[in-house]
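Asker: Going down the list, the protein sequences come from chains A and B.
Take the first sequence: its letter number 30 is residue 30 in our numbering, and every next letter is one higher.
Take the second sequence: its letter number 127 is residue 1127 in our numbering, and every next letter is one higher.
Beta carbons are placed, not taken as given, at the ideal position from N, Cα and C, and that holds for glycine.
Fair warning: this is a prediction, and the values are worked out from it, not measured in the lab.
Number of protein chains: 2
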Amino acid sequence: MPHKSVRQRLPYDERREQFVEKAVQFFAREGFESSTRDLARSLGVTQPLLYRYFPSKEDLIREVYEAVYLQRWRDEWNDLLIDRSKSVTDRLNLFYTQYTDVIFRDDWMRIFLFSGLKGIGLNREYLLFIRQNLIEVITREILAEHHVDQMPLSDDEIEFGWTIHGGIFYYGVRLLIYNMAVHPDKSFVIENSIQAWTHQLVAIRKHNLN
Amino acid sequence: MPHKSVRQRLPYDERREQFVEKAVQFFAREGFESSTRDLARSLGVTQPLLYRYFPSKEDLIREVYEAVYLQRWRDEWNDLLIDRSKSVTDRLNLFYTQYTDVIFRDDWMRIFLFSGLKGIGLNREYLLFIRQNLIEVITREILAEHHVDQMPLSDDEIEFGWTIHGGIFYYGVRLLIYNMAVHPDKSFVIENSIQAWTHQLVAIRKHNLN
DNA sequence: TCCACTATTTATCAATTGAAAAATAAGCTG
DNA sequence: CAGCTTATTTTTCAATTGATAAATAGTGGA
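1. If we ignore side chains and look at the alpha-carbon of each, how far apart do E1141/B and K206/A end up?
2. For M1/A, count neighbouring C-beta atoms within 10 Å of its own C-beta (all shown protein chains included) and say buried if the count is 16 or more, exposed if not.
3. Go ahead and pull the three-state DSSP assignment for P1048/B.
4. Go ahead and label T97/A buried or exposed: buried means 16 or more other beta carbons lie within 10 angstroms of its beta carbon, across all protein chains shown.
5. Hey, does N123/A have any beta-carbon neighbour from chain B nearer than 8 Å?
6. Out of R41/A, D38/A, L50/A, R72/A, point me to the one whose CA is closest to Y12/A's CA.
7. Give every residue of the same chain whose Cβ lies closer than 7 Å to the Cβ of I138/A, excluding the five residues on either side of it in the sequence, and list them in chain order.
8. Would you decide whether M151/A is buried or exposed? Buried here means 16 or more other CB atoms lie within 10 Å of its CB.
9. If you reduce the DSSP assignment to three classes, tell me which class A1203/B lands in.
10. Short check: CB of F1114/B to CB of G1031/B, under 8 Å?
11. When you check each C-beta in the stretch 185-196 of chain A against every C-beta of chain B, which residues fall closer than 9 Å?
12. By Cβ distance below 7 Å, which residues in the same chain neighbour L57/A in space, the five residues on each side in sequence not counted?
13. Could you check the C-alpha separation between Y65/A and N1210/B for me, to the nearest Å?
14. Is Y1053/B closer than 8 Å to F1026/B when the C-beta atoms are compared?
15. Compare the C-alpha of I1130/B against each of K1118/B, I1158/B, L1143/B and name the closest.
16. Would you list, in sequence order, the uninterrupted alpha helix (DSSP H) runs of no fewer than 4 residues that lie entirely inside the stretch 1130-1204 of chain B?
17. Anyone know if the C-beta pair for Q195/A and Q1195/B falls short of 8 Å?
18. Determine whether the beta carbon atoms of V1068/B and T1198/B lie at a separation below 8 Å.
19. If you measure beta-carbon to beta-carbon, which residues of the stretch 139-164 of chain A are closer than 7 Å to chain B?
20. Determine the direct distance from the alpha carbon of I1164/B to that of L1176/B, and round the result to whole angstroms.
21. Please list the partners that F1095/B has in chain A, where partner means a Cβ-to-Cβ separation under 9 Å.
22. Compute the beta-carbon to beta-carbon distance between F169/A and Y1170/B, rounded to the nearest angstrom, for a pair I have assumed lies under 8 Å.
23. Once the 5 residues before and after S1193/B are set aside, which same chain residues still bring their CB inside 7 Å of it?
24. State yes or no: is the beta carbon of Q200/A nearer than 8 Å to at least one beta carbon in chain B?
25. Which word fits H1147/B, buried or exposed, when buried means at least 16 other C-beta atoms lie within 10 angstroms of its C-beta?
26. Contact defined as beta carbons within less than 8 Å: I believe V1024/B pairs with I1111/B. What is the distance between those atoms, to the nearest angstrom?
27. With 8 Å as the threshold, decide whether the Cβ of V182/A is near any Cβ in chain B.
28. Could you tell me the distance, in whole angstroms, from the CA atom of K1086/B to the CA atom of E136/A?
29. Got a sec? Which residues, its chain only, sit under 7 Å from F1095/B by beta carbon, not counting five neighbours each side?
30. Who are the near neighbours of K1022/B in its chain, counting only those whose CB is closer than 6 Å to its CB and skipping five residues on each side?
31. Please report whether the beta-carbon of E33/A lies at a distance below 8 Å from any beta-carbon of chain B.
32. Alpha helix (DSSP H) containing R1015/B: first to last residue?
33. Measure the CB-CB distance between L28/A and D106/A and report whether it falls below 8 Å.
34. For the stretch 1084-1114 of chain B, which residues have a CB atom closer than 7 Å to at least one CB atom of chain A, in sequence order?
35. Tell me the rounded alpha-carbon separation between L153/A and G1119/B.
36. Measure the Cβ-Cβ separation of L1127/B and Y178/A and say whether it is below 8 Å.
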């Protein structure tokens, strides 16, 4: 009974997608310094096959970044955040619940941190995106709801938004990177962060009005 | 004119200390996957010399962790945080100013994140230490100052402490890992975080008293 | 059924890696 | 100055790495 070398032959596009998808999980687990041989093994193919689809390891990694960062933001979130038929608190609760469902995953978190340490440009671009589409929008909406939106946003107010956002993000880091025993209820963290955000932000603005 | 091979001969302990110290900076800059040859070059010695002082690269890295984590906490901070001759706000301001002076450095931040991603045990130990010596202590002190310290600390209250602490920590991540344009005034972040901490913590306790 | 195309594997290379063994030289002690 | 100790370098190895070239085998079309 000869061992048939089961050679799975897939269409180009299908194989390529499969590679990127699995590479996300693999590199998140093992880090980007892991070998292409190990990656190929976890894919059930031989290592040179990777080079039919990606000219170099670096190119593959770039595709991994793009798959993680750029393809997981939902455009509907932009609309949700400025939907004034809901209270800001409701909007923020809804948004952060969904957003953390997406980013509080092992692959997202680890690749975000791995790529940050490697000094990848995509990382800074993503954070710039977050600033413009999250921090600034939310800050504006909170101030509007409290009728203190006569003046443009200040650096102080933006910075405090980052601080709160970072607090929520850090919950994911403790949970997924450090495997700590965090509060079992994610919504507790979100609700309190939002409450602190609105309260403290209004205090900052009123303080700076003088 | 022959090129004299300047062979610097140092006492064992001195050379060893030098190696660990410089290795901290090197690995923070280049990551732990960098070669021992590059490290040796940056030290001005040959690569096999490292193996006279550390049995393996892994052992050297472990010493780097210890140098970064364990040797930078100041015992006086434990006293400062419970010094009730000062207000909690003053204590926290003072503490976080000094603490962030220590950890908001390229080597500390990057090694903390690198080692976290590699799943090193030391990392979790450090966070346990932070919980006991920071989060819990601070939470207790805030509640005492507001005369609502009749009941023991709850998970809710601890978790919120982590959220605020994480917000401050994230400022360092944005500054040193992502090289972003953060608020130029570190003390602004600290002051607002402390204010949000005390305010929201008391709110949580009062809410849970019902 | 045969052929052409190409997805996949086998075989291989040069560079880099962590690590060990052997050779050398600095510096102390007498 | 002789001689011993050991810090440091030179030499070398086997394993692993990213990557390429050649060989092989599925698959669809004529």
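Answerer: Taking the definition as stated:
1. By one-based count along the second sequence, residue 1141/B stands at place 141. By one-based count along the first sequence, residue 206/A stands at place 206. For the pair E1141/B and K206/A, the Cα-to-Cα distance works out to about 28 Å.
2. Taking the first residue of the first sequence as position 1, residue 1/A is located at position 1. Low local confidence applies: a pLDDT of 32 at M1/A is under 50, so the model's placement there is unreliable, with the coordinate-based value given in what follows. Per the 10 Å Cβ criterion, exposed.
3. If you number the second sequence from 1, residue 1048/B lands on position 48. It is helical.
4. Here residue 97/A corresponds to residue number 97 of the first sequence, with the count starting at 1. It is exposed - the Cβ of T97/A has fewer than 16 other Cβ atoms within 10 Å.
5. The sequence position of residue 123/A within the first sequence is 123, counting from 1. With 8 Å as the cut-off, N123/A counts as an interface residue toward chain B.
6. Counted from its first residue, the first sequence places residue 12/A at position 12. Per the Cα distances, L50/A.
7. Start at 1 with the first residue of the first sequence, and residue 138/A comes out as number 138. Same-chain partners within the cutoff: L81, L92, G161.
8. The count along the first sequence starts at 1 and reaches residue 151/A at position 151. Classification of M151/A: exposed, given that the 10 Å Cβ count is below 16.
9. On the second sequence, residue 1203/B is found 203 positions in, with the first residue counted as 1. Reduced to three states, the DSSP call for A1203/B is helix.
10. Stepping through the second sequence from its first residue, residue 1114/B is reached at position 114. Stepping through the second sequence from its first residue, residue 1031/B is reached at position 31. Yes, these two residues count as a Cβ contact at 8 Å.
11. D185, F188, V189, N192, S193, Q195, A196
12. In the first sequence, residue 57/A corresponds to position 57, counting from 1. One point to set straight first is that residue 57/A is Lys, not Leu, in the sequence displayed. Excluding positions up to five away in sequence, the list reads T36.
13. Within the first sequence, residue 65/A is the residue found at index 65, counting from 1. Within the second sequence, residue 1210/B is the residue found at index 210, counting from 1. One Cα belongs to Y65/A, the other to N1210/B, and the distance between them is close to 47 Å.
14. One-based indexing of the second sequence puts residue 1026/B at position 26. One-based indexing of the second sequence puts residue 1053/B at position 53. In this structure, F1026/B keeps its C-beta atom at 8 Å or more from the C-beta atom of Y1053/B.
15. Position 130 of the second sequence, counted from the first residue, corresponds to residue 1130/B. Among K1118/B, I1158/B, L1143/B, the Cα nearest to that of I1130/B is on I1158/B.
16. 1136-1145, 1155-1172
17. The residue you call residue 195/A lines up with position 195 of the first sequence. The residue you call residue 1195/B lines up with position 195 of the second sequence. Taking 8 Å as the Cβ cut-off, Q195/A and Q1195/B do not qualify as a contacting pair.
18. On the second sequence, position 68 is the one that residue 1068/B refers to. On the second sequence, position 198 is the one that residue 1198/B refers to. Contact flag unset, no.
19. D155, D156, E159, F160, W162, T163, I164
20. Taking the first residue of the second sequence as 1, we reach residue 1176/B at position 176. Taking the first residue of the second sequence as 1, we reach residue 1164/B at position 164. A direct Cα-Cα distance of roughly 19 Å separates L1176/B from I1164/B.
21. On the second sequence, residue 1095/B is found 95 positions in, with the first residue counted as 1. Near F1095/B there are no residues of chain A at all, since even the closest Cβ is about 17 Å away, more than 9 Å.
22. Here residue 169/A is taken as the residue at index 169 of the first sequence, counted from 1. Here residue 1170/B is taken as the residue at index 170 of the second sequence, counted from 1. Contact holds; Cβ gap of about 6 Å.
23. In the second sequence, counting from the first residue as 1, residue 1193/B sits at position 193. Excluding residues within five positions, the ones whose Cβ falls inside 7 Å are I1164, G1167, I1168.
24. In the first sequence, counting from the first residue as 1, residue 200/A sits at position 200. Yes, its Cβ sits closer than 8 Å to a Cβ of chain B.
25. As a first step, residue 1147/B must be located in the second sequence, where it is residue number 147. Its Cβ having fewer than 16 others within 10 Å, H1147/B is exposed.
26. The sequence position of residue 1024/B within the second sequence is 24, counting from 1. The sequence position of residue 1111/B within the second sequence is 111, counting from 1. Right, their Cβ atoms sit about 7 Å apart.
27. The sequence position of residue 182/A within the first sequence is 182, counting from 1. Yes, because at least one Cβ of chain B sits closer than 8 Å to the Cβ of V182/A.
28. Taking the second sequence and counting its residues from 1, one reaches residue 1086/B at position 86. Taking the first sequence and counting its residues from 1, one reaches residue 136/A at position 136. Cα to Cα, K1086/B sits roughly 36 Å from E136/A.
29. Position 95 of the second sequence, counted from the first residue, corresponds to residue 1095/B. Hits under 7 Å: W1077, L1080, L1081.
30. Your numbering for residue 1022/B matches position 22 in the second sequence. Taken in chain order, the residues that qualify are L1043.
31. As a first step, residue 33/A is located in the first sequence; it is residue number 33 there, counting from the start. It does; some Cβ of chain B falls within 8 Å.
32. Your numbering for residue 1015/B matches position 15 in the second sequence. That run of the alpha helix (DSSP H) goes 1012-1030.
33. Looking up residue 28/A in the first sequence gives position 28. Looking up residue 106/A in the first sequence gives position 106. Looking at the sequence provided, one finds Ala at residue 28/A rather than Leu. Yes, the Cβ-Cβ distance between A28/A and D106/A is below 8 Å.
34. R1110, L1113, F1114
35. Here the question's residue 153/A lines up with position 153 in the first sequence. Here the question's residue 1119/B lines up with position 119 in the second sequence. Taking the straight line joining both Cα atoms gives about 40 Å.
36. Taking the second sequence and counting its residues from 1, one reaches residue 1127/B at position 127. Taking the first sequence and counting its residues from 1, one reaches residue 178/A at position 178. Taking 8 Å as the Cβ cut-off, L1127/B and Y178/A qualify as a contacting pair.
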